[in-house]
Amino acid sequence: MIKKCLFPVAGYGTRFLPATKAMPKEILPILDKPLVQYGVEEAFAAGLTDIGFVTGRGKRAIEDHFDTSYELEHQIAGTGKEKMLEGIRELIEHCTFSYTRQVKMSGLGDAILAGRTVIGDEPFAVVLADDLCMGPDDGVLAQMVKLFKQFRCSIVAIEEVPQDETNKYGVISGEELSENLFRVTDMVEKPDPEDAPSNLAIIGRYILTPDIFDIIEQTPPGKNGEVQITDALLQQAKDGCVIAYKFKGRRFDCGSVQGFVEATNYCYENIYLKK
Ligand code: UTP
């Protein structure tokens, strides 16, 4: 059973400056809810209740968000506004939240390694909260947890991207096992379109087996001088231990202004107007 979910949230969010100068990118709201809360809700819906954050300087607002604000509770007690806090209250009641810091922003692989102290020696999920995923029924993590029960190895969520955008993602190639499922044979971080092994890009949802920590420790900095999780996963893939899953649902890259606006419009039409 997977219980733990890691949220690396230490990045600077430079694509959203100046909004992210003093505020974490993960607290930017899509409508009335911070990005990171959508991610934790997705984890909770998949049965993951031990939530770990890898944070950095300037990320205190995330800790405060997943804690009770007594003054606020007192202020709105007995009013209609209490309803607006129901979702976050449910998460605070049913999940635990742990925090550790990434000392230097040396890449996603390094951030995940920093999470070792909160994960320990068990399989775990990773969510990049700036990838907002909306599933038709089950969320993407719930779909992946089901697959983990079957394969018992690392799983990455993938989607097809335009060939000229491969340089924004980790890109895989693999042997097709069945519709939407591949056993990964190769993966490259942010390849130029002409070098990309396919147009199947890894998005911000992973399930990882704990041997990944030792592998990351042995992984030298790669693309952009950062320790890349893609490079570490390639080592597992060489042993046939990484499955790529074309998930059901939609993903919005909320780390970019365009993706953020698309997600806002989607949620306005599909959630807000249907309330
Ligand atoms: P991104 O590259 O999308 O996030 O990393 P960023 O660096 O914050 O954004 P830009 O490019 O400057 O606008 C994907 C995720 O990995 C985390 C980020 O917080 C983000 O959620 N991350 C990345 C870390 O926690 N540590 C790192 O060293 C790098």
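Heads up: take any position in the sequence shown, counting from 1, add 1111, and you land on this note's numbering. Note that beta-carbon positions come from the ideal geometry of N, C-alpha and C, so glycine has one too.
{"Item": "Nearest-angstrom Cα separation, counted from G1167 out to F1118", "Value": "12 Å"}
{"Item": "Presumed contact (8 Å Cβ cut-off) between L1258 and Y1377, rounded CB distance", "Value": "The pair is not a contact, with the Cβ atoms about 25 Å apart (cut-off 8 Å)."}
{"Item": "Which listed residue (Q1329, R1126, L1384 and V1282) has its alpha carbon closest to that of G1315", "Value": "V1282"}
{"Item": "Option in D1364, P1129, D1350 and E1337 with minimal Cα separation from K1215", "Value": "E1337"}
{"Item": "G1163 CB to nearest heavy atom of the ligand UTP below 7 Å", "Value": "no"}
{"Item": "Short Cβ contact (8 Å threshold) for F1127 with L1146", "Value": "no"}
{"Item": "Three CB pairs or more closer than 8 Å across the segment 1185 to 1192 and the segment 1275 to 1293", "Value": "no"}
{"Item": "Local conformation of V1165 per DSSP, three classes", "Value": "strand"}
{"Item": "I1269 vs L1311 beta-carbon contact at 8 Å", "Value": "yes"}
{"Item": "Continuous beta strand (DSSP E) stretch holding V1353: start and end", "Value": "V1353 to K1357"}
{"Item": "D1275 versus R1212, S1367 and K1301, residue with shortest Cα-Cα distance", "Value": "K1301"}
{"Item": "Buried versus exposed call for P1129 [16 or more other C-beta atoms within 10 Å across all chains shown]", "Value": "exposed"}
{"Item": "heavy atom of the ligand UTP below 7 Å from M1298 C-beta", "Value": "no"}
{"Item": "Cβ pair count under 8 Å reaching 3, the segment 1211 to 1225 against the segment 1188 to 1197", "Value": "no"}
{"Item": "M1112 versus C1365 - alpha carbon distance", "Value": "30 Å"}
{"Item": "Cβ pair G1360, C1244 closer than 8 Å", "Value": "yes"}
{"Item": "R1227: CB within 7 Å of a non-hydrogen atom of the ligand UTP", "Value": "no"}
{"Item": "Contact set for I1199: own chain, Cβ-Cβ below 8 Å, skip 5 residues either direction", "Value": "Q1148, H1176 and F1177"}
{"Item": "Distance cut-off 7 Å: K1136 Cβ against heavy atoms of the ligand UTP", "Value": "yes"}
{"Item": "Proximity test, P1119 beta-carbon vs the ligand UTP heavy atom, cut-off 7 Å", "Value": "yes"}
{"Item": "Backbone CA spacing between E1182 and R1294 [nearest angstrom]", "Value": "51 Å"}
{"Item": "Cα-Cα separation, I1354 to T1190", "Value": "49 Å"}
{"Item": "C-beta atoms of Y1210 and E1233 nearer than 8 Å", "Value": "no"}
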